[in-house]
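Heads up: the sequence shown begins at -9 in the working numbering, then just goes up one per residue.
Input: a single structure, listed below in structure tokens.
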Amino acid sequence: MYVVDPTTEERSEIPETPVGAIPEQLELAREAAGPWGLMPAAERAAALLPLADALEAHEEELARLTAKDMGKPLATARKEVLRTAGGIRYLCRMAPEWLAPEVTDAGPEAGYTEFAPLGVVGVITPWNGPIWLSTVSLLSALLPGNGALYKPSEHSLRTGMALARLCHALPGLPDGLVQLVVGGKDHGRAVVASDVAMVALVGSTAAGKEIMKTCAGGLKRVSLELGGLDAAIVLRDVDIPAVARKIVRIHCANSGQICCSIKRVYVERPAYARFLEEAAAEAGRVRVGDPHDDVDMGPLAGAFQLEKVEAALADAVRRGARVLTGGRRLERRGFFFPPTVLADVSPEMDLMNHEPFGPLLPVAPVDDWAEAVRLANAARYGLTASIWTNDASLARTIASRLDVGVVGWNAHGVPPLGAPWGGAKESGIGRTRSREGMREFSNVKFVRIPAV
Ligand code: NAD
């Protein structure tokens, strides 16, 4: 298959895994998963821990592959590698505790609950955080004792292949436990249709719906970490210029291509004009350019992303949105699109209902927080949201009314590892990266001990 460097638009060919080989790969993973699943969790964690050192040792190589695959600025890609190494150490430290059998007081009979492996998990990942998301997903499957059919995104293949090589080189990991499937959506479909015990997808809501339908046939487990249309609710009591600048920077990270980027902003009416002025000024200061240079934003990941962003913008403008900054692709080779702040947006616009997954920041005025909550909850997505206020008690009240998986107070996005991660509504099913998450990749088995 062909992959395209989003900075240079250069095409390269990468050999695919034959789809027909997937059942055989599944068998190999299953054979390896047998003894792996019987090992104590602490031994499995010890076998996976050296992956952290391996990532650090390959930091530059992995960062450059990421930049070439999907255009992430090198400095950010290096941070992603190091953050992932830290994440591996954390998950390997915590997993034995999270997976330890628990004595349960089950009334007259005693017993214990153990967290047994499921078998082989189809681990299907996206391109936007190719090291972090793939590694965390793989560890979610492997630490509880499962094997993995790992299908990285077709838009971050070189990075995914490098990560698989590092896994394969781990001396403590049984041969065959992690099987790499190189290919596109049809390869993902073949993984889902194979006899895996569970499918863990990090990807779009559309893919999640299709996967869930297929999995229904065999009642396979799913873990679905899907898209978001995250709202930031800004109340008038905060330092508006400072919050506007922060929100623009959060939004622009990874060129707006993060599941939990801020994708809608609701500002209390008295602060609306000031917010827009400062947001537009900050967006103008964002440096967009070659990811190998000192920039804040690289290109979008590909032509497919550019088309999505341009279509969402055209729809918004047609329906009356006002473009304050950006608004058109850069006139140069590569899929570059600048941060685009939009005013006068309305609820029926596409970008207020479907994730555009790019640097479009619509800002709408609201009469009060209750209206902001109503509009935030009107979306079919429910990944994360944030509340910007100095009133702690009001922040809690608003948090309790938002239909999302994670709420930030004067902060937005991913919580620290260990906190349950996942979405509400069409942003997904299940939680990962935590005690709850690790157990979702396990068969929760109760063993009865007869009373004597
Ligand atoms: P995508 O759904 O197009 O692809 C993700 C992966 O799924 C790829 O490996 C792809 O080949 C595979 N795939 C796609 N359709 C499939 C199908 N029908 N059956 C099996 N496999 C299939 O998403 P993307 O463009 O790679 O990633 C962006 C999306 O991922 C955005 O919606 C973003 O919000 C979401 N995302 C969510 C999280 C989260 O934690 N909730 C994190 C990152 C990205």
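Note that beta-carbon positions come from the ideal geometry of N, C-alpha and C, so glycine has one too.
Note that this is a predicted model, so its numbers are computed, not measured.
ARG1 has VAL(-6) as its beta-bridge partners, per DSSP. With respect to the 9 angstroms criterion, SER143 and THR125 are not classified as neighbours on the basis of their beta carbons. Between the C-alpha atoms of LEU332 and GLU21 there is a straight-line separation of about 54 angstroms. Judged by pairs of C-beta atoms under 8 angstroms, the stretch 306 to 325 does not touch the stretch 361 to 374, as fewer than three such pairs exist. In terms of side-chain proximity, the C-beta atom of PRO116 is found nearer than 8 angstroms to a non-hydrogen atom of the ligand NAD. DSSP places TRP399 inside the beta strand (DSSP E), whose first and last residues are 396 to 399. Taking C-beta atoms as the reference points, MET342 and VAL335 count as a pair closer than 9 angstroms.
Annotation: PRO440 to PRO30 spans about 25 angstroms, alpha carbon to alpha carbon. Between PRO328 and VAL255 a beta carbon distance of about 18 angstroms is seen, past the 8 angstroms cut, so the two are scored as non-contacting. At the C-beta level, VAL171 and GLN15 come within 9 angstroms of one another. Excluding sequence positions up to five before and after GLY174, its CB lies within less than 7 angstroms of the CB of MET(-9), GLU144, all in the same chain and listed in chain order.
Under DSSP, the beta-bridge partners assigned to ILE223 are TYR256, ILE377. Minimum Cα-Cα distance from GLN295 among the listed residues GLU258, PRO346, ALA243, GLU272 corresponds to PRO346. Excluding sequence positions up to five before and after GLY395, its CB lies within less than 8 angstroms of the CB of GLY372, LEU373, THR374, PRO410, TRP411, GLY412, GLY413, ALA414, SER417, GLY418, ARG421, all in the same chain and listed in chain order. For GLY135, the closest alpha carbon among the candidates GLU104, VAL356, ASP340 is that of GLU104.
For ILE248, the secondary structure class from DSSP, reduced to helix, strand or coil, is coil. Here the C-alpha atom of LEU225 lies approximately 53 angstroms from the C-alpha atom of LEU28. Beta-carbon to beta-carbon, ILE121 and LEU163 are separated by about 18 angstroms, too far to satisfy the 8 angstroms threshold.
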